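K.L.:
Protein chains in written order, with this note's numbering: chain A, 1 to 234; chain B, 235 to 571.
What follows is the structure, given as C-alpha cells:
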C-alpha cells in the first residue's frame, strides 16, 4: 500500500462517469504526474482524490486511512493540500496574508514554515506586502504553492501548476517542486506539459477517456515509443 | 462681500449636518457591503435591522431613564446601546439560522437571497410596529448643544453662528471609532483576514480550512453592531421614526454601490458623498449668496436646486448614474450579476 492509494475510482458530476476504474498512487517524497490528452479526466481524477467529486466506486486511502467519504475541508486537516488550476490565490490579500491564510488551521507558530516558503521562493519575500493580484502569472503560482505548503501537508496536489507561464518560469517551478519532494512530501500533479513533467516524475499515469492507459516510472514512459507517439508528439 | 459669514452659514446648515448624516450612512453602507462581500447578496433587511436594534436600544433607554440612571451630559442611549446591539445580534443570528441558512445550503441564486431579505425586512418592520408602534419616539436626553449658534456668534463676533449639537459630535466620534475597530479587525486579526479571504475567493478559503459557518456568523455579528450603532445615532440626531428605515435603504444602497460593493473603504466614501450631495442640493443658497454678493443685495428666489421633499431623488440619481457609468464603484468592487 502506497502513502496515497486512490484505486478503482469511478464517478462523474451527476450524469455519465468521467473517470472509470482509475488508479492513482504516490509515495512519500515522490512525484506522481497525471498526463493525457484534453478531456481525459485528469483534473476530474484530482478532484476525486481530494473528495470534490462523489465516487460511485473505488476508494481513497491516505496513510492507511480510508478517506473515501471525507469532505474536502476535513482532508486539509489530515495533511492534504490542493492547489487549483485557476483562482488559486487571494488576489486582494498581500502575499504574506495569503501565506497566513494557508496556515489558517494551524495554531502553532507559523514563522518557520513561512521562512521555508520564502527560502524556496525568494521573490515572494521581496513582494510580501504586495497584493497577490498584482503579481505576474509565475509569481502567483509560487504564492499558490506557498499557500498550500503553509499547512505542512504530507500530500501536495497541484492542478496544472505551469498553465500559462513561460518556459523559463516553468523549468524554475519544476525545480522547486523537486525541491519540495525532497523534503519528504508526496506530490501529485496534473500537467499539460507532459514531457517536462515526466522528466521530474517518479511515476506517471497516462489517462485516456477516464481510464489508466499506461502506468510506469517517468523515465519508462518517456522511453515508451507508443506513449511518445500518442502523447508526447514523437 | 462677507466671506466669513457665508462660510459660517454654510458650515452650520450644510457641512455639520451632512457630516453627521454621512457618518450614519457610512455605517449603514458598511453593513450592507459586508453582507454582500461574505454572503454575496443585497440585504434589503438591513434598514429594518437598524430599526430593530434601535428600538431595543430605546426600550432599554426608557428603562434606565425610569430607574433614574443617567450619564449626563451624555445621552442615556449610549449606555443602552450595548444591550440594543446584543438584541440585534441575536435577531440577525436567529434569522440566519432559520431563514438564510436554508437557502445557503441549497446554494440558491443571489437574487433569491435578495428577495428573501425583502421578506425578512417586512417581518422585522412588522415586529417593530407591534412592539414600539409606528409613531415618532424621542429618546435623546443629556446636553443638547456643545456650541450654540449664539455662543459662536459671541465668540467670533460674526452674525452667523455655527451650532454643533452634541448628538452630531457623538455620531461622528462613535462612527469613526467603530470604523477604526472594524478596519483593525479586518486587517490585523486572523478572523478578519479570514473574512477578507472568504470574500475574495470562497473556494480557496474552504481549501485553506476556513470554516464558512464561522465567517458567516462573524459577518452577521458585525453587521448587527453596525446597524444598531447607525440606527441609534440616526435616531439621536433626528428622532426615531420606524418608517424612515425603509426610505433610508435608498441612500445606503446608493452609498454601497457608489463606493464599490464589498469594499469597506468605498462604503465610507460613498456614505459621505451621498450625504453631502443630498444636503448640498437641497439647501437654499439665497442667504449664502447674499453674503457673497454686493451690499444689500440678495437673489430673488431661494436658490434651492431641489426641494427637500426630493432629497431621496439625489440618492436615486447617484445610484442610476453609477450603475450606468461605473458599475464597479469608486473602488473597484463586485458587480451584481
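We treat Cβ as the ideally placed atom computed from N, Cα and C, and that holds for glycine. Given the structure is predicted, the values throughout are model-derived calculations rather than measurements.
1) Would you please verify whether the beta carbon of residue 73 of chain A is less than 8 Å from any beta carbon of chain B?
2) Taking only beta carbons into account, state which residues of the segment 209-227 of chain A come closer than 8 Å to chain B, listed in chain order.
3) Below 8 Å on C-beta distance, what does residue 576 of chain B contact in chain A?
4) Check residue 5 of chain A in the structure and name its three-state DSSP category.
5) Taking C-alpha atoms, which residue in B:358, B:541, B:531 and B:263 lies nearest to residue 333 of chain B?
6) Please compile the residues from chain B whose C-beta is within a distance smaller than 8 Å of the C-beta of residue 88 of chain A.
7) Measure the alpha-carbon distance for residue 547 of chain B versus residue 305 of chain B and round it to whole angstroms.
8) When you compare the CB positions of residue 283 of chain B and residue 498 of chain B, do they come within less than 8 Å of one another, or not?
9) Return the residues of the segment 412-433 of chain B that lie within a Cβ-Cβ distance of less than 7 Å from chain A, sorted by chain order.
10) For the segment 144-155 of chain A, list every residue whose C-beta sits within 9 Å of some C-beta in chain B, in sequence order.
11) Identify whether residue 93 of chain A lies in helix, strand or coil by the three-state DSSP scheme.
12) Is the separation between the beta-carbon of residue 205 of chain A and that of residue 6 of chain A shorter than 8 Å?
13) For residue 203 of chain A, count neighbouring C-beta atoms within 10 Å of its own C-beta (all shown protein chains included) and say buried if the count is 16 or more, exposed if not.
14) Can you round the beta-carbon distance between residue 307 of chain A and residue 140 of chain A to whole angstroms, since I take them to be within the 8 Å contact cut?
15) Taking C-beta pairs closer than 8 Å, name the residues in chain B that residue 93 of chain A reaches, listed in chain order.
16) Of the choices A:69, A:199, A:40 and A:164, whose alpha-carbon is the least far from that of residue 238 of chain A?
17) Starting from the C-beta of residue 314 of chain B, find all residues in its chain whose C-beta is less than 7 Å away, skip the five residues before and the five after it, and write them out in chain order.
18) Where do the N-terminal and C-terminal ends of the alpha helix (DSSP H) with residue 320 of chain B fall, by residue?
19) Where does residue 129 of chain A fall in DSSP's three states?
20) What residues match up with residue 157 of chain A in a beta bridge as DSSP calls it?
21) How would you label residue 235 of chain A, buried or exposed, when you count the other beta carbons within 10 angstroms and need 16 or more for buried?
22) Quick check: what's the CA-CA separation for residue 183 of chain A versus residue 427 of chain B?
23) Straight-line CA distance for residue 168 of chain A to residue 433 of chain B?
24) Who pairs with residue 38 of chain A in a beta bridge, going by DSSP?
25) Can you list, in chain order, the residues of its chain whose CB lies under 7 Å from that of residue 71 of chain A, leaving out five sequence neighbours each side?
26) Out of B:389, B:356, B:328 and B:278, which one is the CA nearest neighbour of residue 345 of chain B?
27) In or out: residue 365 of chain B buried (at least 16 other Cβ within 10 Å) or exposed?
28) Nearest by alpha-carbon distance to residue 544 of chain B: which of B:380, B:515 and B:371 is it?
29) Nearest-angstrom Cα distance between residue 343 of chain B and residue 287 of chain B?
30) Look at residue 471 of chain B and residue 371 of chain B and say whether their C-beta atoms are less than 8 Å apart.
31) Whole angstroms are fine: how far does the CA of residue 226 of chain A sit from the CA of residue 420 of chain B?
32) Candidates A:134, A:74 and A:197: which alpha carbon is nearest residue 93 of chain A's?
33) Mind pulling the chain B residues with CB within less than 7 Å of residue 97 of chain A?
34) Ignore the nearest five residues each way along the sequence and tell me which others in residue 55 of chain A's own chain have a CB closer than 7 Å to its CB.
35) Looking at the structure shown, is residue 532 of chain B part of a helix, part of a strand, or coil, going by DSSP?
36) Taking residue 254 of chain B as the reference, which of B:480, B:466 and B:311 has the closest Cα?
P.N.:
In short, the structure shows the following:
1) Reading the first chain from its first residue, position 73 is the one you call residue 73 of chain A. With 8 Å as the cut-off, residue 73 of chain A counts as an interface residue toward chain B.
2) none
3) Within the shown structure, residues of chain B are numbered from 235 to 571, placing residue 576 of chain B beyond reach of any answer.
4) Here residue 5 of chain A refers to the residue found at position 5 of the first chain. Strand, per DSSP.
5) Numbered from 1 along the second chain, position 99 holds the residue referred to as residue 333 of chain B. Comparing Cα positions, the closest option is B:358.
6) Sequence index remark: in the first chain, residue 88 of chain A carries index 88 (1-based). 438, listed in chain order.
7) Taking the first residue of the second chain as 1, we reach residue 547 of chain B at position 313. Taking the first residue of the second chain as 1, we reach residue 305 of chain B at position 71. The straight-line gap from Cα to Cα measures roughly 39 Å.
8) The residue labelled residue 283 of chain B in the question sits at position 49 within the second chain. The residue labelled residue 498 of chain B in the question sits at position 264 within the second chain. Not a contact, by the Cβ cut-off of 8 Å.
9) 427, 428, 430 and 431
10) 144, 147, 148, 150 and 151
11) Locating residue 93 of chain A in the first chain gives position 93, counting from the first residue. In the structure shown, residue 93 of chain A sits in coil (DSSP, three-state: anything other than H, G, I, E or B).
12) Within the first chain, residue 205 of chain A is the residue found at index 205, counting from 1. Within the first chain, residue 6 of chain A is the residue found at index 6, counting from 1. No, Cβ-Cβ distance for residue 205 of chain A and residue 6 of chain A is not below 8 Å.
13) Locating residue 203 of chain A in the first chain gives position 203, where the first residue counts as 1. So residue 203 of chain A ends up on the buried side.
14) The structure shown does not extend to residue 307 of chain A, since chain A is modelled only from 1 through 234, so no value can be given for it.
15) On the first chain, position 93 is the one that residue 93 of chain A refers to. The contacting residues are 427, 430, 431 and 434.
16) There is simply no residue 238 of chain A to check, as chain A begins at 1 and stops at 234 in what is shown.
17) As a position in the second chain, residue 314 of chain B is number 80, starting the count at 1. These residues qualify, in order along the chain: 291, 294, 295 and 298.
18) Mapped onto the second chain, residue 320 of chain B falls at position 86. Residue 320 of chain B -> alpha helix (DSSP H) spans 311-329.
19) In the first chain, the residue the question calls residue 129 of chain A occupies position 129. Three-state DSSP puts residue 129 of chain A in coil, outside helix and strand.
20) Position 157 of the first chain, counted from the start, is the residue given in the question as residue 157 of chain A. In the DSSP output, where bridge partners are listed per residue, residue 157 of chain A has A:82 and A:188.
21) No answer is possible for residue 235 of chain A: it lies beyond the span of chain A, which begins at 1 and ends at 234.
22) Reading the first chain from its first residue, position 183 is the one you call residue 183 of chain A. Reading the second chain from its first residue, position 193 is the one you call residue 427 of chain B. Approximately 29 Å, taken between the alpha carbons.
23) For the purposes of this step, residue 168 of chain A is taken as the residue at position 168 of the first chain. For the purposes of this step, residue 433 of chain B is taken as the residue at position 199 of the second chain. Each residue's Cα considered, the two are about 33 Å apart.
24) Indexing the first chain from 1 puts residue 38 of chain A at position 38. DSSP, once it has assigned bridges, lists no residue as partnering residue 38 of chain A.
25) Start at 1 with the first residue of the first chain, and residue 71 of chain A comes out as number 71. These residues qualify, in order along the chain: 51.
26) For this step, residue 345 of chain B is matched to residue 111 along the second chain. When each option's Cα is compared against that of residue 345 of chain B, the closest is B:278.
27) Here residue 365 of chain B is taken as the residue at index 131 of the second chain, counted from 1. Classification of residue 365 of chain B: exposed, given that the 10 Å Cβ count is below 16.
28) Residue numbering aside, residue 544 of chain B sits at position 310 when the second chain is read from its first letter. Taking only the C-alpha atoms, the option nearest residue 544 of chain B is B:515.
29) What you label residue 343 of chain B is simply residue 109 of the second chain in a count that begins at 1. What you label residue 287 of chain B is simply residue 53 of the second chain in a count that begins at 1. Each residue's alpha carbon lies about 28 Å from the other.
30) By one-based count along the second chain, residue 471 of chain B stands at place 237. By one-based count along the second chain, residue 371 of chain B stands at place 137. No, they are not a contact pair.
31) Locating residue 420 of chain B in the second chain gives position 186, counting from the first residue. Locating residue 226 of chain A in the first chain gives position 226, counting from the first residue. Taking the straight line joining both Cα atoms gives about 56 Å.
32) Taking the first chain and counting its residues from 1, one reaches residue 93 of chain A at position 93. Among A:134, A:74 and A:197, the Cα nearest to that of residue 93 of chain A belongs to A:134.
33) Sequence index remark: in the first chain, residue 97 of chain A carries index 97 (1-based). What residue 97 of chain A touches in chain B: 427.
34) The residue labelled residue 55 of chain A in the question sits at position 55 within the first chain. Contacts found: 9, 10, 11, 48 and 68.
35) Here residue 532 of chain B refers to the residue found at position 298 of the second chain. Looking at residue 532 of chain B - three-state DSSP - the assignment turns out to be coil, as it is neither helix nor strand.
36) In the second chain, counting from the first residue as 1, residue 254 of chain B sits at position 20. Among B:480, B:466 and B:311, the Cα nearest to that of residue 254 of chain B is on B:466.
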